[in-house]
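Residues in the sequence shown are numbered from 4 upward in steps of one, following our numbering. Don't be surprised by glycine CBs; every beta carbon is placed ideally from N, CA and C. Because the structure is a prediction, the values reported are computed rather than measured.
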Amino acid sequence: NLASCLADLGRHNEALVFRRDVYARFVAMKGLSHERTILAGSNLVGSLNNLELWDESKTLTRDQLPAVRRSLGSDHHLTLRLYQRLATALRLNVKRTRDDLIEAEIIMQDVVQ
Numbered sequence: 004n005l006a007s008c009l010a011d012l013g014r015h016n017e018a019l020v021f022r023r024d025v026y027a028r029f030v031a032m033k034g035l036s037h038e039r040t041i042l043a044g045s046n047l048v049g050s051l052n053n054l055e056l057w058d059e060s061k062t063l064t065r066d067q068l069p070a071v072r073r074s075l076g077s078d079h080h081l082t083l084r085l086y087q088r089l090a091t092a093l094r095l096n097v098k099r100t101r102d103d104l105i106e107a108e109i110i111m112q113d114v115v116q
């Protein structure tokens, strides 16, 4: 899609704008629990991580996860991807705390099991 092409060209800020818009439209049209909305949210979190917008990434992911687990289950690939992206945001954030690193480790252990 267009956002992926923009990101591949190194135009990450433009991709982020597009992904924000797509996610907002899916939320409005389908709701938070629809699989397409969840995919759009995961893509948005990926863009936030690429731009090192860790706090926003963590907030969005934590907001999404309850609905994702309810609608798709804990073992669905999109649920696992969101957890992995949350762990990445926790681990790579330069403002991370020891608790962030511990949480990231726990998340990744759960994902691989």
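Within a 10 Å sphere around the beta-carbon of V97 sit fewer than 16 other beta-carbons, which makes this residue exposed.
The C-beta of N4 has fewer than 16 other C-beta atoms within 10 Å across all chains shown, which makes the residue exposed. Under the three-state reduction of DSSP, V97 is assigned to coil, being neither helix nor strand. Between N52 and T100 a beta carbon distance of about 18 Å is seen, past the 8 Å cut, so the two are scored as non-contacting. The criterion of a C-beta distance shorter than 9 Å is satisfied by A10 and A18. Distance from the CA of R88 to the CA of D103, rounded to the nearest whole angstrom, comes to 13 Å. Under the three-state reduction of DSSP, E17 is assigned to helix. L35 and H15 have their alpha carbons spaced roughly 24 Å apart. Distance from the Cα of T62 is smallest, within the candidate group T40, L93, E108, for L93.
Q67: member of the alpha helix (DSSP H) spanning 57-75, first to last residue.
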